[in-house]
Structure formats: C-alpha cells, structure tokens
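Q: Dropping the structure in here first, questions after.
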Amino acid sequence: MTALDAYNFAYLDEETKRMIRRALLKAVAIPGYQVPFASREMPMPYGWGTGGVQVTAACLTPDDTLKVIDQGADDTTNAVSIRRFFQRTADVAVTEETEAATIIQTRHRIPETPLQEGQIMVFQVPIPEPLRFLEPRETETRRMHALADYGLMQVKLYEDIARHGEIATAYAYPVKVEGRYVMDPSPIPKFDNPKLNDSPALMLFGAGREQRIYALPPYTKVESLDFDDHPFVASKADHACDICGATESYLDEVITDDQGGRIFVCSDTAFCRSRQEDAA
Amino acid sequence: MKPLFTVRDLEKRYGSRIGCTDVSFDLWPGEVMGIVGESGSGKSTLLSCLAGHMTPDQGQVHFDGRDVLAMSEPERRFLARTEWAFVHQNPRDGLRMAVSAGGNVGERLMAVGARHYGNIRETATDWLGRVEIASDRIDDRPSAFSGGMQQRLQIARNLVTGPRLVFMDEPTGGLDVSVQARLLDLLRGLVRKMGLSAIIVTHDLAVVRLLADRLMVMKGGRVVEQGLTDQVLDDPQHPYTQLLVSSVLQV
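Chains B and H, in that order, give the protein sequences. Reading the first sequence from the start, the letters are residues 1 to 280 in the UniProt record's numbering. Reading the second sequence from the start, the letters are residues 1 to 251 in the UniProt record's numbering.
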C-alpha cells in the first residue's frame with residue numbers, strides 16, 4: 001500500500017474540506033471578516049501552521065503546484081515538513097519558484113516576486129484578532145468589529161508614538177480592508193503590507209487554534225492604519241543583501257560568529273537564488 | 001428653551017422586585033441634578049437606565065428631541081462618546097489602565113475620527129492641565145496615579161469631546177475629604193464654564209449641596225421628593241428626606 005492510499009487526498013476527509021470551503025467562501029464574500037470554523041486536530045502542534053495547513057488542504061487539487069515558505073525561506077523546518085506532508089498525503093507537485101506555484105502557504109512573509117492572477121496565498125495565523133491585546137473579551141471585540149468601532153486600534157498606534165517617537169509596530173501591522181474591517185495581516189513584516197493592497201492573487205488566512213478563517217479576494221483595497229502626521233512607512237533594514245546585492249528585498253540579519261560579525265541576506269531565499277543565477 | 005433630557009414613567013424591575021419605578025423629570029441645558037438616596041434605593045439602576053447601560057422595562061427617554069431607547073446600538077454608542085459622558089465611581093471602570101494618560105484622553109477623539117497625532121496630543125495636554133495633572137505625566141499609565149488623579153483623569157477623558165450631558169455615579173466616592181473638596185471645586189468650575197448638564201448620583205449630601213441645582217430624593221425605587229437643592233435640604237417635606245438630612249453629622 002502506498003502512502004497515498006492510506007489517506008484521503010490531502011489528509012482531510014471530504015466533509016471537513018467542505019466545511020472549510022464554506023467558511024472560505026463566506027470569508028471571501030466579506031473581506032477581512034473573521035469566519036469561525038471547526039478547526040480539526042492536525043498531525044502537528046498548534047503554532048506550526050495547523051490553520052494554514054487546513055486551508056491549503058481544502059484548496060488543493062491534484063493539478064496544483066505547491067510552494068511552502070517559512071520566514072521567506074523554502075528550506076526551514078516548518079516549510080520542509082509541511083511541504084513533505086502534502087507530498088505524502090496529496091502527491092502534488094512542489095516548487096520553490098514563486099512564479100511556478102499555484103498555491104503558496106506561508107508563515108510570516110509574502111514573496112518578493114509579484115504575485116499573479118490565479119495564485120492563492122495561504123497565511124498561517126497565530127492570533128487572528130487585531131484587538132486582542134487591547135480588549136481581552138471576545139464578546140466585546142466582536143461587537144467592536146460589528147459596529148466598526150476602531151478607535152482603540154488607533155490608541156495602540158498612539159501609544160507607540162508616545163513611547164518610541166514613531167509607530168514601532170514592525171510586524172502584524174493592522175490594516176483596514178475596503179474601508180470596513182480592521183484585520184491582522186498575520187505576523188508579516190510591515191514591509192509586506194503594501195503587497196496586500198490590490199493584489200491579483202487570492203489571500204486566505206487560517207488560524208487553527210483560534211478557529212478562524214479570513215480572506216482578501218483579488219484586487220481588494222487594503223490600507224495600513226496610521227496618523228496624518230505619522231504616515232505608514234514600509235520599513236526594512238537599510239542595507240543591501242550581502243549575497244545577491246538586492247536593495248529592494250526584505251532582509252534578515254544573520255550573526256556569523258561570536259566576534260560581532262553579521263551579514264544581511266534576503267529573507268526570500270528563492271528570490272535571492274534566482275538573482276544569483278541571473279548574475280552567474 | 002426646550003429641555004435637553006426628558007424622562008417619563010421610567011421603570012426597571014428585577015423579576016418581581018422593583019429597581020426603580022415611576023420616574024419622570026426634565027433636565028434643562030446647563031442644569032445639574034442630584035439624585036440622592038440610601039444604598040438600594042434604585043439610584044444607580046436609574047442612572048444605568050438613563051445612560052443606556054441597561055434597558056428599562058417601561059417609559060421614555062428623550063435626548064435633545066431624539067428617542068434614546070429607539071436608537072440603534074451604533075447610534076447610541078456614538079452619542080455616548082460624543083454628546084454624553086459617564087464618570088464611574090471607580091476610575092478603574094472608566095479608564096484603560098494599560099494605556100498612558102494621553103492615550104486615555106485621546107481615545108474618545110480617535111473613536112470619532114481624529115487621525116492627527118500632534119493635534120490629539122495637544123488636546124490631551126490641554127485637558128490634563130484643566131484637571132490639574134502636570135503635563136509631564138502625559139505618558140504615565142493611570143496605575144502610577146493616585147486615586148484622586150485617576151478620578152480627575154477620568155473626568156478629562158470624558159469631557160474632551162465637549163459633551164452636553166454628563167452622568168456621574170458617586171464621583172467622589174472612595175476619596176479622602178481634602179481630595180474630595182478639590183475634585184468638587186474642579187467639577188463645579190468645569191460644569192459652569194462648559195455649560196454642561198449633569199446628573200449626579202450620590203449619597204453624600206455635601207456633594208449635591210455644592211454642585212446640584214435641583215435634587216431628587218429616592219427611596220425603595222421611587223422618587224419621594226424633588227425640588228431646588230436648597231429648598232429640599234433646608235426644608236425637607238418627606239419623612240425620609242427629613243431623616244436623611246438630620247443624619248448628616250454636624251462638625
């Protein structure tokens with residue numbers, strides 16, 4: 001018996017996939033709204049992308065080409081194990097090239113290569129509620145979303161400026177979707193926030209532990225919240241990649257020894273490698 | 001002139017017990033009304049019904065010609081943070097303890113659409129000054145403030161949007177007498193200067209004597225006497241009011 005026969009296609013049973021697809025349809029119909037869904041136990045711990053994996057499983061077809069990244073990299077533990085999971089349970093083609101993928105599951109990054117129509121981005125979300133650390137009561141945050149009562153979100157940014165002189169929130173930077181729902185874009189760096197706006201790709205967000213799904217349909221207007229006199233800035237390290245020399249990509253700082261040595265490298269490994277190959 | 005706030009035949013029951021019943025009054029622009037009574041007399045229930053925190057079982061409440069009870073929740077919330085204000089007895093109920101003083105004052109401004117940091121901060125500084133909090137405390141959290149300062153901060157946070165009607169639930173409760181006196185002085189100044197209408201619930205007759213133009217005395221959920229403050233306190237008619245007035249310690 002091959003591994004594929006032991007499981008239903010893409011691990012989840014068809015009833016569960018149908019339930020998730022219903023939640024996805026609702027999420028696409030109401031951009032930025034958090035749709036509850038009956039999250040299943042997955043063969044991986046919470047925090048490893050159980051929400052993203054369920055969304056990917058519900059979207060996968062045998063013809064799809066899957067790319068999985070973790071902090072931009074294709075070769076980190078989380079990315080490798082999820083990619084291998086879908087190779088075993090769905091036998092789908094996998095790739096590291098952003099252009100070649102039809103579904104990209106990601107943790108904490110959006111690829112540097114611009115997305116295209118027909119592609120699906122699946123985000124792994126730890127805490128879907130942008131207001132959670134300001135208002136602990138779920139009943140109250142739901143009411144705030146229902147009434148678009150978002151003054152509190154602005155208070156958080158005010159506190160940032162009061163304490164640090166600028167909006168110090170660097171990741172999970174809150175956005176407003178189509179002028180209505182305030183949404184947590186998952187912990188992507190705020191450098192990636194502009195890529196959410198008017199994107200040709202479908203963006204799906206899955207939070208397994210918190211049992212929420214939300215979505216951005218293609219070409220949705222997504223604004224990052226800010227103040228008139230402290231506008232949103234998509235910041236990155238002021239440096240070029242030490243491997244490929246790119247100045248426009250988001251960088252990781254890597255410590256190389258215990259003598260204070262450090263280099264900056266592209267966080268998107270596929271992007272960095274394609275630049276190296278082009279240069280060679 | 002038209003009354004700002006009218007209440008007719010308001011009733012709230014908890015099962016078969018009466019919370020408050022048969023309450024009617026008019027509040028005029030710039031007028032301060034005190035509601036006094038012992039614990040359990042229904043004064044807090046009444047205030048909650050008036051401020052929209054609880055839904056009364058019967059009666060009508062109109063604010064500036066608008067039916068408050070028929071409003072949708074977004075409308076009522078908007079009203080509650082623009083034209084109304086609510087000062088809680090315990091400042092912890094009315095403040096965000098994890099947010100700086102400036103953020104607390106600015107929240108109402110941001111909730112109604114202010115998006116200019118410099119202006120919000122300037123207004124917050126101005127209001128901290130008006131309630132006698134030093135401007136260098138603007139980035140401190142309320143948890144670092146004394147009880148009296150917290151209460152003053154709560155007042156600043158509520159008045160920053162220039163409301164027309166303020167509900168206060170025992171605003172001086174839990175403060176020592178010298179702090180109480182300062183707070184009352186401050187409140188009296190703000191109320192007169194801004195021409196606010198206010199409804200103050202208290203069991204402290206000294207507070208209403210100082211602040212209120214008119215007085216309503218409650219017992220067992222009913223209004224037993226109402227009239228001008230000095231009139232009621234100097235010449236109480238109802239036996240309960242007589243008891244209340246005579247039980248104040250004369251130092």
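All C-beta atoms, glycine included, are put in the ideal place defined by N, C-alpha and C.
Answer with yes or no whether the minimum CB distance from B:Arg-262 to chain H is below 8 Å.
A: Cβ-Cβ to chain H under 8 Å: no for B:Arg-262.
Q: Are there three or more Cβ pairs, one per stretch, closer than 8 Å when the stretch 72-86 of chain B is compared with the stretch 13-31 of chain B?
A: no
Q: Roughly how many angstroms separate the alpha carbons of B:Gly-208 and H:Met-168, rounded to a whole number?
A: Looking at the two C-alpha atoms, the distance is approximately 44 Å.
Q: Name the chain B residues whose beta carbon is nearer than 8 Å to that of H:Gly-118?
A: Asp-229
Q: Tell me which residue opens and which closes the alpha helix (DSSP H) that B:Arg-142 is part of.
A: Counted as a single uninterrupted DSSP element, the alpha helix (DSSP H) harbouring B:Arg-142 occupies residues 138-146.
Q: Using a Cβ-Cβ cut-off of 8 Å (strictly less than) and excluding sequence neighbours within five positions of H:Gln-237, which residues of its own chain qualify?
A: Glu-225
Q: Give the residues of chain A in contact with B:Ile-161, contact being defined as C-beta atoms less than 7 Å apart.
A: In the structure shown, chain A does not exist; the protein chains are B and H.
Q: Can you give the Cα-Cα distance for B:Ser-267 and B:Asn-8, rounded to whole angstroms?
A: 34 Å
Q: Just the chain H side, please: which residues come within less than 9 Å of B:Val-155 by C-beta, in chain order?
A: Arg-96, Val-99, Gly-103, Asn-104, Gly-106, Glu-107, Met-110, Ala-111
Q: Of the choices H:Thr-241, H:Phe-145, H:Arg-141, whose alpha-carbon is the least far from that of H:Ile-103?
A: The amino acid at residue 103 of chain H is misidentified as Ile; the sequence shows Gly. Closest option to H:Gly-103, Cα to Cα, is H:Arg-141.
Q: Does the beta-carbon distance from H:Phe-63 to H:Leu-4 come in below 8 Å?
A: Yes; because the gap between Cβ atoms is below 8 Å, this pair is in contact.
Q: What number of angstroms, rounded off, separates the C-alpha of B:Met-1 from the C-alpha of B:Glu-96?
A: Only weak support is given to the placement of B:Met-1: the predicted model assigns it a pLDDT of 47, under 50, and the question is left unresolved by the model.
Q: Please report the residue range of the alpha helix (DSSP H) in which B:Tyr-250 lies.
A: Taken as a continuous stretch (DSSP letters only), B:Tyr-250 belongs to no alpha helix (DSSP H), as it is neither H nor E.
Q: Look at the alpha carbon of H:Met-194 and the alpha carbon of H:Phe-78, and state the distance between them as a whole number of angstroms.
A: Between H:Met-194 and H:Phe-78, the C-alpha separation is close to 20 Å.
Q: Is it buried or exposed for B:Lys-176, if we count other Cβ within 10 angstroms and need 16 for buried?
A: Burial call: buried.
Q: Give me the Cβ distance between H:Leu-233 and H:Leu-205, rounded to the nearest whole Å; I'm assuming they're in contact under 8 Å.
A: 7 Å
Q: Interface residues of chain H around B:Leu-147 at Cβ under 8 Å?
A: By Cβ distance, chain H contributes Glu-73, Pro-74, Arg-77.
Q: Where are the alpha helix (DSSP H) runs, 4 residues long or more, that stay fully inside the stretch 171-236 of chain B, in chain order?
A: 193-196
Q: Please confirm whether H:Asp-140 has its beta-carbon closer than 8 Å to some beta-carbon of chain B.
A: no
Q: Does the beta carbon of B:Gly-151 come closer than 8 Å to any beta carbon on chain H?
A: yes
Q: Please say whether B:Ser-224 and B:Tyr-173 have beta carbons closer to each other than 8 Å?
A: yes
Q: So, for B:Thr-247: in the same chain, excluding its five sequence neighbours on each side, which residues have a beta-carbon less than 6 Å away from its beta-carbon?
A: Closer than 6 Å at Cβ, skipping near neighbours: Ala-240.
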